[in-house]
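Read the structure below first, then the notes.
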Amino acid sequence: MKGVQRVHVYACLVAVIVYSLITRKTRMQLFECQNCGQLLYFENVRCEKCGCALGYHSSDAVLLSLTADDNGHFHPIDDIQQTYRYCTNAQHDVCNWLIPAEQAETFCAACVLNRTIPNLDTPEHRLYWKKLEWAKHRLVYTLLRLHLPLVSKQVDPAQGLAFDFLADPEPQWRETGTVVTGHAHGLITINIAEADDAEREKHRLQMGEPYRTLLGHFRHESGHYYWERLIRGRTDLGTFRQVFGDENLDYAQALEQHYAQPRQDWQTTFVSSYASAHPWEDWAETWAHYLHIVDTLETACAFGLKVHPRVGQAQGLQTEMIVDPFTQGAFTPLMDAWFPLTYAVNSLTRSMGYPDFYPFVLTPPVLEKFAFIHTIIQQAR
4 MKGVQRVHVY
14 ACLVAVIVYS
24 LITRKTRMQL
34 FECQNCGQLL
44 YFENVRCEKC
54 GCALGYHSSD
64 AVLLSLTADD
74 NGHFHPIDDI
84 QQTYRYCTNA
94 QHDVCNWLIP
104 AEQAETFCAA
114 CVLNRTIPNL
124 DTPEHRLYWK
134 KLEWAKHRLV
144 YTLLRLHLPL
154 VSKQVDPAQG
164 LAFDFLADPE
174 PQWRETGTVV
184 TGHAHGLITI
194 NIAEADDAER
204 EKHRLQMGEP
214 YRTLLGHFRH
224 ESGHYYWERL
234 IRGRTDLGTF
244 RQVFGDENLD
254 YAQALEQHYA
264 QPRQDWQTTF
274 VSSYASAHPW
284 EDWAETWAHY
294 LHIVDTLETA
304 CAFGLKVHPR
314 VGQAQGLQTE
324 MIVDPFTQGA
334 FTPLMDAWFP
344 LTYAVNSLTR
354 SMGYPDFYPF
364 VLTPPVLEKF
374 AFIHTIIQQA
384 R
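Printed below as a string of structure tokens:
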């Protein structure tokens with residue numbers, strides 16, 4: 004990496020202030036309290052400044068400041084005609100999403116996807132479940148913003164999506180334990196030990212992975228689900244195979260070969276070592292990274308970030324975040340914003356003594372895969 008890339012913090016702060024002045028309800032993972040103007044996080048249930056209750060309305064992608072009525076329902080403080088109640092899982096402090104008061108369903112658009120939750124009689128399971136729900140809710144947020152098909156298996160057993168959050172019966176978690184994180188026909192299983200930061204980091208080091216997060220698991224497994232929804236059965240599967248390879252390759256044998264003797268040249272063609280194992284894993288890994296990119300660009304855009312390196316040879320890294328990556332029809336502008344952002348943030352994290360924020364090299368073959376996924380999502384909108 005040449006030179007030192009700096010984000011214009013002053014411009015960022017000015018953009019945030021101006022943005023707060025011109026709108027009260029904002030998207031792009033930047034939210035504010037409509038009662039006092041305090042900036043909020045997506046997961047907040049109460050404003051830390053004024054104490055106002057908060058709830059996320061997924062249909063409008065807004066975090067609402069609420070006031071309670073005598074019936075136990077809630078109204079936005081600026082629209083008393085709208086009436087909501089919290090998702091049933093709010094009682095466990097794992098969800099802050101709202102449901103219209105007249106709706107019969109008691110779970111929100113994210114929690115209705117749960118088939119199995121952890122055994123809450125075990126104290127640490129409650130903390131694990133909260134972390135799992137935070138990650139899953141962010142995934143669902145992104146899927147809804149992309150307007151991808153999303154329905155619970157309760158409604159559509161054949162094509163719906165469901166989650167099992169399970170624990171190994173033995174206290175020591177292992178990748179090859181009884182519960183294996185994975186996807187099968189719309190059912191995503193997550194070993195709840197993935198929510199244990201120490202265990203996950205230990206396993207990341209054992210596997211030699213540069214990046215392993217709970218949200219990354221959700222995005223990866225969702226990629227398998229959407230391969231079945233958006234790719235399987237298409238008449239133009241030949242296009243997929245030209246980009247990712249032939250998915251008819253024996254999956255079990257391919258994984259066995261990967262773990263026994265991983266490819267050493269994977270960086271030239273794949274976004275990660277695991278992506279080189281099989282075309283299905285290549286799609287899922289690339290899908291997860293595509294979601295990383297659009298979600299992060301959306302947040303950068305919301306904060307008004309600009310990258311303008313003060314180095315003569317780095318003028319090509321100048322950029323201002325695009326308006327809305329979720330509705331960006333062309334693929335190239337996404338990468339035009341992404342590369343400068345990763346250079347800047349990687350430089351910042353190195354200044355703090357941390358590893359790179361985004362420790363990946365995106366080669367032309369990987370960019371072609373991103374572009375293919377971008378096109379598929381545009382077609383599915």
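All letters in the sequence shown, in the order written, are residues 4 to 384 by the working numbering.
Even for Gly, the Cβ is constructed at its ideal location relative to N, Cα and C.
In this text, all values refer to a predicted model and were calculated from it rather than measured experimentally.
CB contact flag (Ile47, Leu33, <8 Å): On the sequence shown, position 44 is the one that residue 47 refers to. On the sequence shown, position 30 is the one that residue 33 refers to. Per the sequence shown, residue 47 should be read as Asn rather than Ile. No.
Under 6 Å Cβ to Cβ from Thr91, same chain only, skipping five residues before and after it: list those, please. For the purposes of this step, residue 91 is identified with residue 88 of the sequence shown, where counting begins at 1. The answer, listed in chain order, is Thr109 and Phe110.
Rounding to the nearest angstrom, what Cα-Cα distance links His281 and Leu258 in this structure? What you label residue 281 is simply residue 278 of the sequence shown in a count that begins at 1. What you label residue 258 is simply residue 255 of the sequence shown in a count that begins at 1. So the alpha carbons of these two residues sit roughly 7 Å apart.
Grab the span of the alpha helix (DSSP H) containing Tyr2 for me, first residue to last. Outside the modelled stretch of the chain, which goes from 4 to 384, sits residue 2, for which no answer is possible.
Please state if the CB of Thr352 and the CB of Pro358 are separated by a distance shorter than 8 Å. Numbered from its first residue, the sequence shown carries residue 358 at position 355. Numbered from its first residue, the sequence shown carries residue 352 at position 349. Yes, the Cβ-Cβ distance between Pro358 and Thr352 is below 8 Å.
Is it right to say Pro172 is buried, meaning 16 or more other beta carbons lie within 10 angstroms of its own, or is it exposed? By 1-based counting over the sequence shown, the position of residue 172 is 169. Label assigned to Pro172: exposed.
Cys39 versus Ala112 - alpha carbon distance: Sequence index remark: in the sequence shown, residue 39 carries index 36 (1-based). Sequence index remark: in the sequence shown, residue 112 carries index 109 (1-based). Looking at the two C-alpha atoms, the distance is approximately 28 Å.
Tell whether a beta-carbon distance below 8 Å holds between Ser61 and Trp100. Within the sequence shown, numbered from 1, the residue matching residue 61 stands at position 58. Within the sequence shown, numbered from 1, the residue matching residue 100 stands at position 97. Cβ distance < 8 Å, so Ser61 and Trp100 count as in contact.
Touching or not, the region 217-229 and the region 138-151, by the rule of three or more beta carbon pairs under 8 Å? Contact between the region 217-229 and the region 138-151 is present, with at least three C-beta pairs closer than 8 Å.
According to the neighbour-count rule (16 or more other Cβ atoms, all chains shown, within 10 Å of its Cβ), is Val115 buried or exposed? Here residue 115 corresponds to residue number 112 of the sequence shown, with the count starting at 1. By the neighbour-count criterion, in which 16 or more other beta carbons inside 10 Å mark a residue as buried, Val115 falls on the buried side.
For Arg232, tell me which candidate among Gln41, Phe45 and Gly163 has the shortest Cα-Cα distance. Here residue 232 refers to the residue found at position 229 of the sequence shown. Checking every option, the nearest Cα to that of Arg232 belongs to Gly163.
State the beta-bridge partners of Pro282 as determined by DSSP. Within the sequence shown, the letter at position 279 stands for residue 282. In the DSSP output, where bridge partners are listed per residue, Pro282 has none listed.
Got a sec, what are the start and stop residues for the beta strand (DSSP E) Val65 sits in? Within the sequence shown, numbered from 1, the residue matching residue 65 stands at position 62. In the DSSP annotation of this structure, the continuous segment of the beta strand (DSSP E) that includes Val65 starts and ends at Val65 to Ala71.
Every unbroken alpha helix (DSSP H) within the region 245-299, with a cutoff of 4 residues, ordered by chain: Taken in chain order, the whole alpha helix (DSSP H) runs of length 4 or more contained in the region 245-299 are 254-263.
Whole-angstrom distance between Asp63 and Arg148, CA atom to CA atom: Translated into positions along the sequence shown, residue 148 becomes position 145. Translated into positions along the sequence shown, residue 63 becomes position 60. Whole-angstrom Cα-Cα distance: 10 Å.
State the Cα-Cα distance for the pair Tyr372 and Asp159, rounded to the nearest angstrom. The residue given as residue 372 occupies position 369 in the sequence shown. The residue given as residue 159 occupies position 156 in the sequence shown. First, the amino acid is wrong: residue 372 is Lys here, not Tyr. Cα atoms of Lys372 and Asp159: separation of roughly 30 Å, rounded to the nearest angstrom.
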